[in-house]
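Okay, so the sequence shown: first residue is 201 according to this note's numbering, each after it adds one. All residues carry an ideal CB built from backbone N, CA and C; glycine is no exception. Below you'll find the structure, written out as structure tokens, and then a few comments.
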Amino acid sequence: DPRARGFNMTTSVIRPTFLSSVATTCAASFKTRTTRLVSSPPRTSAKPKAAVGLRSLHGRVTNIALPRAFPDTSMESTACMVTELAGKATAAAATAAAPALVTVAAVLASQLAFPALWAVGAVPCCLAFLNPIYVFSVGYGLSVAAQAVVIWFALLSSQVWIPTTMVLHLAGTVLYGTRLGVFLYIRSVTWPEWNARAKNAPEAKASTIPQKLAIITVCSLLYASMCSPLLWHAQCANSVPGGQVPIVIAGLSAQWCGFLLETVADHQKSEYKKNVHKSNDNRWCAVGLYETCRHPNYLGEILFWVGLFIAGVPAMLCKGWWSFAPAVVGLLFIVNLMTSVSKKQDEKQKARYENDAAYEQWVARTGSLLPKLW
């Protein structure tokens, strides 16, 4: 099946070629049998094979109606009629298929695939023109979701067979990016503490258009690098060897566990912040997942991206070593960012609550990124 090879833009023109060959064969059969039918008496016990071939051709030619019975003309005229109808069918099908040749799938299947993915990821990052902080928060989540949606659309438009593992890879990324973007936007408009921190962040100082363009360009490139395993997986979705499918499954398991872990951790901390704001009790979050881990949300994010990377490893092995370059850069960036942010948060909390015995006890029984279970 030619549709089981990944992005394939030739599937829409296979049918016209097949139709033309069938029609030409039938026409030649008519010409060959003309002498035999004229010189030999008709058979009443069996139907001519030519008639059977015509009915078969009538079922295969799309939107071309063949007459049920030909008029009383010579077999040579009948053969010409079949050839003409087949030519019209081929021309009509080729004309209908021409607009489909230039699609998103064609771009993502070409050498421009990664630059195109970069361009898609840059669109949500343009929220930096409204607020530079958005490129690291709302724009980040929406950029990830947008890239996964475009890759999914390209697969659907190319009419290739999409394996379940590919669907889970894309669906997890769409859900992750959409949820994170919405959550970070709600946090930006409801948490006064977040707005105060955002104003003091280094990226908030980008005030000129060139500075904002630089931030958008660099951040969208990093986001595209992080999502590149999705692109390589889509291009080789049906070429992954069966022996490497367990690697994909292991990566998907880590990806979805990270997504669920971060979702639960963000919800628990958000609810805790609401209660703290109402009671004016400025304490650290030590409920739910935070009872054993001080930064389960950052752990979930790391686990998500590690899983997304692992699920794309078999496809990257099919593509070649060069496909690992952007994926490794993106993974190292997000892992380093999450680990450094968790350390900074620990230092800030220690300076703020160093004389609080309850805080010291909480730190003693928890881990920073990994849960402390004993």
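Distance, Cα to Cα, residue i vs residue j?
{"i": "Val418", "j": "Ala557", "result": "43 Å"}
{"i": "Phe504", "j": "Trp456", "result": "7 Å"}
{"i": "Leu499", "j": "Ser357", "result": "36 Å"}
{"i": "Lys519", "j": "Val448", "result": "15 Å"}
{"i": "Pro429", "j": "Asn555", "result": "46 Å"}
{"i": "Lys474", "j": "Gln545", "result": "20 Å"}
{"i": "Val282", "j": "Leu317", "result": "Residue placement at Val282 is poorly supported in this model, since its pLDDT is 46, which falls under 50; the coordinates still yield a value, given next. Computed Cα separation, rounded: 47 Å."}
{"i": "Glu560", "j": "His495", "result": "16 Å"}
{"i": "Asn497", "j": "Met538", "result": "10 Å"}
{"i": "Phe336", "j": "Phe353", "result": "25 Å"}
{"i": "Trp521", "j": "Ser540", "result": "29 Å"}
{"i": "Ser420", "j": "Val528", "result": "16 Å"}
{"i": "Arg483", "j": "Gly442", "result": "51 Å"}
{"i": "Val307", "j": "Val440", "result": "21 Å"}
{"i": "Ser568", "j": "Lys548", "result": "13 Å"}
{"i": "Val350", "j": "Arg552", "result": "45 Å"}
{"i": "Glu471", "j": "Leu570", "result": "22 Å"}
{"i": "Leu330", "j": "Ala525", "result": "32 Å"}
{"i": "Ala300", "j": "Gln359", "result": "With a pLDDT of only 41 at Ala300, under 50, the local geometry of the prediction cannot be trusted, and no value is derived from it."}
{"i": "Lys405", "j": "Pro332", "result": "8 Å"}
{"i": "Ala576", "j": "Ser407", "result": "Past the boundaries of the shown model lies residue 576; the chain is included only from 201 to 574, so the question cannot be answered."}
{"i": "Met516", "j": "Ala414", "result": "29 Å"}
{"i": "Phe383", "j": "Cys485", "result": "18 Å"}
{"i": "Arg565", "j": "Val487", "result": "13 Å"}
{"i": "Ala424", "j": "Ala319", "result": "9 Å"}
{"i": "His334", "j": "His467", "result": "According to the sequence provided, residue 334 is Tyr. The question's His does not apply to it. One C-alpha to the other measures close to 20 Å."}
{"i": "Leu431", "j": "Lys550", "result": "42 Å"}
{"i": "Val445", "j": "Cys493", "result": "32 Å"}
{"i": "Leu312", "j": "Trp391", "result": "41 Å"}
{"i": "Ala328", "j": "Leu368", "result": "30 Å"}
{"i": "His433", "j": "Ser523", "result": "11 Å"}
{"i": "Lys572", "j": "Leu355", "result": "43 Å"}
Quick check on DSSP: helix, strand or coil for residue i?
{"i": "Cys419", "result": "helix"}
{"i": "Lys247", "result": "Unreliable placement is indicated for Lys247, whose pLDDT of 42 sits below 50; the coordinate value is still reported in the next sentence. Correct three-state label for Lys247: coil."}
{"i": "Cys485", "result": "coil"}
{"i": "Gly520", "result": "coil"}
{"i": "Gly512", "result": "coil"}
{"i": "Cys493", "result": "strand"}
{"i": "Ser240", "result": "For Ser240, the predicted structure reports a pLDDT of 43, less than 50, and the residue's modelled location is therefore unreliable. A value from the coordinates is still provided. Ser240 falls in the coil class under three-state DSSP."}
How close, in whole Å, do the beta carbons of residue i and residue j come, if the pair is a contact with beta carbons under 8 Å?
{"i": "Cys325", "j": "Ile386", "result": "Contact flag wrong, Cβ pair sits at about 19 Å."}
{"i": "Leu508", "j": "Thr373", "result": "7 Å"}
{"i": "Ala346", "j": "Leu370", "result": "Contact doesn't hold; Cβ gap of about 12 Å is too wide."}
{"i": "Asn438", "j": "Pro363", "result": "7 Å"}
{"i": "Trp323", "j": "Gly381", "result": "Correcting the residue type first, residue 323 is Val in the shown sequence and not Trp. About 13 Å separates the two Cβ atoms, so there is no contact after all."}
{"i": "Phe314", "j": "Leu375", "result": "Contact doesn't hold; Cβ gap of about 23 Å is too wide."}
{"i": "Gly530", "j": "Met366", "result": "So it is not a contact: roughly 19 Å between Cβ atoms."}
{"i": "Glu462", "j": "Glu501", "result": "5 Å"}
{"i": "Leu452", "j": "Ala511", "result": "5 Å"}
{"i": "Thr378", "j": "Gly321", "result": "About 14 Å separates the two Cβ atoms, so there is no contact after all."}
{"i": "Ala454", "j": "Val506", "result": "6 Å"}
Does the Cβ of residue i have 16 or more other Cβ atoms within 10 Å, making it buried, or fewer, making it exposed?
{"i": "Ile409", "result": "exposed"}
{"i": "Ser343", "result": "buried"}
{"i": "Lys469", "result": "buried"}
{"i": "Gln435", "result": "buried"}
{"i": "Asn536", "result": "exposed"}
{"i": "Trp562", "result": "buried"}
{"i": "Pro271", "result": "Annotation note: pLDDT 46 at Pro271 (below 50); position unreliable, no value reported."}
{"i": "Ala465", "result": "buried"}
{"i": "Phe412", "result": "Residue identity differs from the one stated: residue 412 is Lys in this sequence, not Phe. That one is buried."}
{"i": "Ser310", "result": "exposed"}
{"i": "Trp361", "result": "exposed"}
{"i": "Ala305", "result": "buried"}
{"i": "Leu489", "result": "buried"}
{"i": "Leu532", "result": "exposed"}
Residue range of the alpha helix (DSSP H) that residue i falls in?
{"i": "Ser310", "result": "Run containing Ser310: none; DSSP gives neither H nor E here."}
{"i": "Tyr385", "result": "364–390"}
{"i": "Gln561", "result": "557–564"}
{"i": "Ala346", "result": "338–357"}
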